[in-house]
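Single-structure report; data block below.
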Amino acid sequence: MPIIGRPTAGLIGGIAAAVALGVGELVAGLGGNGPSLVSAVGTEFIDRYAASLKDLAVQLFGTNDKVALIVGIVAVSLLFGVVLGILGRRRPVVAAAGFVGFGALGLYAYLGDELGRTSVGVLAAAASVAGGLGSLWLLLRLTPARPGAVVGHQPVPAASTDHPVPFDTAPPDPSSRRTFITTAAVLAVTAGGTAVLGRRVRPTSAVETARRQTSLPKAGSSVAPPVRQPFEVQGLSTYITSTADFYRIDTAITTPQIAASSWQLDVKGMVGKPFSIGYEELLGLDNVEDVVTLQCVSNEVGGDLVGTAVWQGVPLGALLERARVDPAATQIVGRSADGWTAGFPTAHATDGRTALVVYAMNGEPLTAVHGFPARLLIAGLYGYVSATKWLTEIELTTWEDFDGYWVPRGWSKEGPIKTMSRIDVPRSGSAVTAGRLAIAGVAWAPNDGISAVEAQVDDGAWQECELGEASSGSTWVQWKLDWDATPGEHRIRARATNAAGETQTEDTADPAPNGATGWHTRLVQVGSP
168 MPIIGRPTAG
178 LIGGIAAAVA
188 LGVGELVAGL
198 GGNGPSLVSA
208 VGTEFIDRYA
218 ASLKDLAVQL
228 FGTNDKVALI
238 VGIVAVSLLF
248 GVVLGILGRR
258 RPVVAAAGFV
268 GFGALGLYAY
278 LGDELGRTSV
288 GVLAAAASVA
298 GGLGSLWLLL
308 RLTPARPGAV
318 VGHQPVPAAS
328 TDHPVPFDTA
338 PPDPSSRRTF
348 ITTAAVLAVT
358 AGGTAVLGRR
368 VRPTSAVETA
378 RRQTSLPKAG
388 SSVAPPVRQP
398 FEVQGLSTYI
408 TSTADFYRID
418 TAITTPQIAA
428 SSWQLDVKGM
438 VGKPFSIGYE
448 ELLGLDNVED
458 VVTLQCVSNE
468 VGGDLVGTAV
478 WQGVPLGALL
488 ERARVDPAAT
498 QIVGRSADGW
508 TAGFPTAHAT
518 DGRTALVVYA
528 MNGEPLTAVH
538 GFPARLLIAG
548 LYGYVSATKW
558 LTEIELTTWE
568 DFDGYWVPRG
578 WSKEGPIKTM
588 SRIDVPRSGS
598 AVTAGRLAIA
608 GVAWAPNDGI
618 SAVEAQVDDG
628 AWQECELGEA
638 SSGSTWVQWK
648 LDWDATPGEH
658 RIRARATNAA
668 GETQTEDTAD
678 PAPNGATGWH
688 TRLVQVGSP
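Per our numbering, the very first residue in the sequence shown carries number 168; after that it's consecutive.
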């Protein structure tokens, strides 16, 4: 085997790592709906470091945080392969051991994933290691000799000591170089192709088929969104957020794909009559349809991790009544198919707020990313303490005996949504022309509702804004103020007051540990007409 330069060795290691990743993705994809090795590593990373990186990830990447994490894992894996290639150019056993360790790490993460299956994980890890080692061996065998290099001879002084030159020299063979380049290119394309194919062969059709075949029951009672609003402003958030535009923040690297026919919800814990219920039975129970605003606790002041939708489902209180809850039970815990948990006071299921086991959103069955087959929705609470998606268990326990997923990671145990307002138009940095303009946005304070929104331009007086129509206090409300804009730079601020008479605080606070606070501010440049 010829002595290999560092750049070539690094290239070989990187390609071998790419093949290992691609083969692992393909085998995991063929194995069913579970995670791949890469996504399992991502889940393990989130579980270990979510507390310190959650806000940063959301701030930098928004709802693309998980895509960014996967890209980062792939990049680190390829870099790891490059390093192994360089280390193994003289000691191939080092590279081989590294690839075995690479597969073992993926298998460890996979076996710790709630959605993983042991047989698939072992097979994917073995195939990944075999693909990586096979590619490494093949490329090393085909590597053309450096000019003036053969194995087994003592090096003599050369201009570069990084690549020793032996006594016996031989000219490079152009045909061997072409063979190496061709093989390397084929393996690189194969790596990308298997990775893409692994993603595409996943059997996601079961969820979409179930959604198409599901006939939603007629709502027993319904709170409809307003037919029209008193004003229309371009750029203002619509009252109902479309399902496609509704924010998604969760810890699931791989979206759980749960067949409706096999799904089951268990109601258990401190109850006198635990029971299980399937999807068809859930749809057959008395249900309600309501409009509710849901917000992520990671939402910054002025952020877009908030939305309003029409939700249909079974009142949580009805299920708890059937289960005969122990009066000593002070906490309801929702558990997801992927092991994620959230807990909130038992009283919130029966205190008059909207509290549902939801199966439909905006008139259609839940999509996979929003929790199909069912999820929890508790009006007035941030999602991190209430909105369990891919719901499989409702457990009654005490407040002291259990902490949901985010509580041990530094977030508050209780998470009531705070009164908040947002300026949608004009946007910061936008250039507008002097004259009569609209300042507009949305404000929310579930469950109290909004009684007033005020806006301020520069250091002028606070002016009361016109409010739109709202279905109930559980939703946001649109607002608008007409402004005679003059040339120059202007600062616009907004604040809201809830129905209890409490005005949102000016004090600025980060999202952690229980929600951001402060007045949303926009800086606008107004030009001459």
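Backbone N, C-alpha and C define an ideal beta-carbon position, used for all residues, glycine too.
Span of the beta strand (DSSP E) around residue i
i, result
"leucine 604", "602-611"
"lysine 233", "Per DSSP, lysine 233 belongs to no beta strand (DSSP E); it is in the alpha helix (DSSP H), 232-254."
"arginine 689", "687-694"
"aspartate 433", "431-436"
"alanine 652", "644-652"
Within 8 Å, strictly: CB atoms of residue i and residue j
i, j, result
"valine 287", "alanine 207", "no"
"glycine 191", "serine 203", "yes"
"leucine 245", "alanine 185", "yes"
"alanine 522", "glycine 484", "yes"
"glutamate 281", "lysine 435", "no"
"valine 492", "methionine 437", "yes"
"serine 588", "alanine 607", "no"
"arginine 658", "leucine 690", "yes"
"valine 135", "alanine 683", "A query on residue 135 cannot be resolved here, the shown segment of the chain reaching from 168 to 696 and no further."
"threonine 555", "arginine 502", "yes"
"glycine 279", "glutamate 211", "yes"
"glycine 298", "phenylalanine 269", "no"
"valine 524", "leucine 487", "no"
CA-to-CA distance, residue j to residue i, given in whole angstroms
i, j, result
"valine 261", "glycine 359", "25 Å"
"glycine 685", "alanine 187", "48 Å"
"proline 322", "serine 302", "Because proline 322 carries a pLDDT of 46, less than 50, the predicted location of this residue cannot be relied on, and no value is offered for it."
"tryptophan 478", "alanine 386", "10 Å"
"glycine 474", "threonine 408", "6 Å"
"threonine 600", "arginine 395", "29 Å"
"threonine 460", "threonine 517", "19 Å"
"leucine 364", "leucine 197", "9 Å"
"leucine 274", "valine 296", "11 Å"
"threonine 508", "glutamate 562", "10 Å"
"alanine 263", "proline 311", "21 Å"
"alanine 271", "alanine 294", "12 Å"
"glutamine 424", "leucine 178", "37 Å"
"histidine 537", "asparagine 200", "17 Å"
"alanine 476", "alanine 663", "21 Å"
"glycine 283", "arginine 256", "35 Å"
"proline 331", "glycine 172", "Low local confidence applies: a pLDDT of 46 at proline 331 is under 50, so the model's placement there is unreliable, and no value is given."
"valine 552", "leucine 306", "52 Å"
Coil, strand or helix - residue i by DSSP
i, result
"glutamine 498", "strand"
"arginine 542", "strand"
"glycine 668", "coil"
"glycine 273", "helix"
"proline 680", "coil"
"valine 332", "Low confidence applies to valine 332: its pLDDT is 41, below 50, so where it sits in the model is not reliable enough to give any reading."
"threonine 675", "coil"
"glutamine 380", "helix"
"leucine 563", "strand"
"threonine 508", "strand"
"valine 267", "helix"
"proline 259", "helix"
"glutamate 281", "coil"
"valine 468", "coil"
"leucine 364", "helix"
"glutamate 636", "coil"
"valine 455", "strand"
"valine 374", "helix"
"glutamate 631", "strand"
"alanine 411", "coil"
"leucine 354", "helix"
"valine 599", "strand"
Boundaries of the alpha helix (DSSP H) in which residue i is found, first to last residue
i, result
"leucine 197", "173-197"
"phenylalanine 442", "Looking at the DSSP string, phenylalanine 442 is not in any alpha helix (DSSP H); the run it does join, the beta strand (DSSP E), is 442-445."
"valine 400", "Looking at the DSSP string, valine 400 is not in any alpha helix (DSSP H), and its letter there is neither H nor E."
"alanine 391", "Element bounds for alanine 391: n/a, residue is neither H nor E."
"glycine 299", "285-309"
Beta bridge counterpart(s) of residue i as assigned by DSSP
i, result
"serine 618", "Paired residue(s): none; serine 618 is not in a bridge."
"glycine 474", "Leu461"
"isoleucine 659", "Val624, Arg689"
"serine 588", "Ala610"
"lysine 385", "DSSP, once it has assigned bridges, lists no residue as partnering lysine 385."
"valine 525", "Gly480, Arg542"
"leucine 558", "Ser503"
"leucine 450", "Paired residue(s): none; leucine 450 is not in a bridge."
"valine 492", "Val438"
"proline 575", "DSSP, once it has assigned bridges, lists no residue as partnering proline 575."
"proline 698", "As shown, the chain starts at 168 and ends at 696. That puts residue 698 outside it, with no answer to give."
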